[in-house]
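In my numbering, each residue carries its 1-based index in the sequence shown increased by 9.
For each residue, glycine too, the CB sits at the ideal point set by N, CA and C.
These notes are about the structure you will find just below.
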Amino acid sequence: MAVLPIRIMGDPVLHSVATEVTEVTDEVRGLVADMYETMDLAPGVGLAAPQVGVSLRIFVYSYVDDDQQPWRGEIINPVLWMTPPEPGSPDEDDESEGCLSFPGERFPLRRSERVVVTGTDLTGASVHIEVDGWRARIMQHEFDHLDGILYIDRLSDSDWKTAQKIARKRSWTRGDACWMPGVDGFES
């Protein structure tokens, strides 16, 4: 297994719709293993293939709940259904999220409280997940990556402007910017 570089917000792969996986090959299995390793080292609770420069509809997730119960898996070619988000402004304490492709920053974002995700895993078995709360947020965030959407694209106007200033200051708008989990600094 290998740690993969995480693409920063200016990389074109992060702004394109990912391609469906037609066959689970050894290459796909290796990619998923590398994605788990990269996500764990980052550390993160989810990672989509476009974040490591691969335009395929795959994401991995890992979360430990309040009862210390692990929740971990991969979804290939996911489909997402969600209830509409509650109207109103997001709570900065309870609804803030971050992203490995916009590292070190968090912004409040209203998401749906409940989702259903279907797809398959590496063995070809059907996956059907019905979750709410933080787990629903993870599913929506990673699914967005597969459609070329970063969470900062969904922010309020004032937070979006702040995110853009941060990105320009850190040169994250360049298409070649990335970072390696476990290593300080960025590469290009």
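Cβ pair residue 111, residue 176 closer than 9 Å:
Your numbering for residue 111 matches position 102 in the sequence shown. Your numbering for residue 176 matches position 167 in the sequence shown. Yes, the Cβ-Cβ distance between residue 111 and residue 176 is below 9 Å.
Across which residues does DSSP place residue 137 in a beta bridge pair?
The residue given as residue 137 occupies position 128 in the sequence shown. Looking at the DSSP assignment, residue 137 forms a beta bridge with 127.
When the distance is taken between beta carbons, is residue 71 closer than 9 Å to residue 53?
Against the sequence shown, residue 53 aligns to sequence position 44. Against the sequence shown, residue 71 aligns to sequence position 62. In this structure, residue 71 lies closer than 9 Å to residue 53 by Cβ.
Let's see if you can read the secondary structure: which residues bound the alpha helix (DSSP H) around residue 146?
Taking the sequence shown and counting its residues from 1, one reaches residue 146 at position 137. Its alpha helix (DSSP H) spans residues 142 to 155.
Leaving out five residues before and five after residue 115 in sequence, what residues of the same chain have Cβ atoms less than 7 Å from its Cβ?
For the purposes of this step, residue 115 is identified with residue 106 of the sequence shown, where counting begins at 1. Excluding sequence neighbours, residue 115 sits near 105, 106, 107.
Between which two residues does the alpha helix (DSSP H) carrying residue 159 extend?
Position 150 of the sequence shown, counted from the start, is the residue given in the question as residue 159. Careful: residue 159 lies outside any alpha helix (DSSP H) and carries neither H nor E.
In the DSSP output, which residue or residues are listed as bridge partners for residue 65?
Here residue 65 refers to the residue found at position 56 when the sequence shown is read from its first residue. Per DSSP, 28.
Other residues of its chain near residue 198: CB distance less than 7 Å, five sequence neighbours each side excluded
This structure does not reach residue 198, given that the chain is present from 10 up to 197, and the question cannot be answered.
Hey, residue 87 and residue 101: beta-carbon distance below 9 Å or not?
Position 78 of the sequence shown holds residue 87. Position 92 of the sequence shown holds residue 101. For residue 87 and residue 101, no; Cβs fall outside 9 Å.
Measuring CA to CA, which of 36, 162, 158, 178 is closest to residue 22?
For the purposes of this step, residue 22 is identified with residue 13 of the sequence shown, where counting begins at 1. Ranking 36, 162, 158, 178 by CA distance to the CA of residue 22 puts 158 first.
Would you tell me roughly how many angstroms separate the C-alpha atoms of residue 103 and residue 146, rounded to the nearest one?
Locating residue 103 in the sequence shown gives position 94, where the first residue counts as 1. Locating residue 146 in the sequence shown gives position 137, where the first residue counts as 1. If you take the alpha carbons of residue 103 and residue 146, they lie about 11 Å apart.
Over the uninterrupted alpha helix (DSSP H) stretch that includes residue 39, give me the two end residues.
In the sequence shown, the residue the question calls residue 39 occupies position 30. Note, residue 39: alpha helix (DSSP H), 35 to 50.
So who's on the other strand from residue 84, going by DSSP bridges?
In the sequence shown, residue 84 corresponds to position 75, counting from 1. For residue 84, which the question treats as bridged, DSSP gives the partners 68.
Look at the alpha carbon of residue 80 and the alpha carbon of residue 173, and state the distance between them as a whole number of angstroms.
The sequence position of residue 80 within the sequence shown is 71, counting from 1. The sequence position of residue 173 within the sequence shown is 164, counting from 1. Cα to Cα, residue 80 sits roughly 33 Å from residue 173.
Can you find the residues in the same chain that come closer than 6 Å, C-beta to C-beta, to residue 90, ignoring five residues on each side of it along the sequence?
Counted from its first residue, the sequence shown places residue 90 at position 81. Around residue 90: 125.
Closest residue to residue 113 among 18, 11, 127, 93 (Cα-Cα distance):
Here residue 113 corresponds to residue number 104 of the sequence shown, with the count starting at 1. For residue 113, the nearest C-alpha among the options comes from 18.
To the nearest angstrom, how far is it from the Cα of residue 29 to the Cα of residue 143?
Residue mapping note: residue 29 aligns to position 20 of the sequence shown, counting from 1. Residue mapping note: residue 143 aligns to position 134 of the sequence shown, counting from 1. Rounded to the nearest angstrom, the two C-alpha atoms are 26 Å apart.
Quick one: grab the DSSP three-state call for residue 164.
The sequence position of residue 164 within the sequence shown is 155, counting from 1. If DSSP states are grouped into helix, strand and coil, residue 164 belongs with coil.
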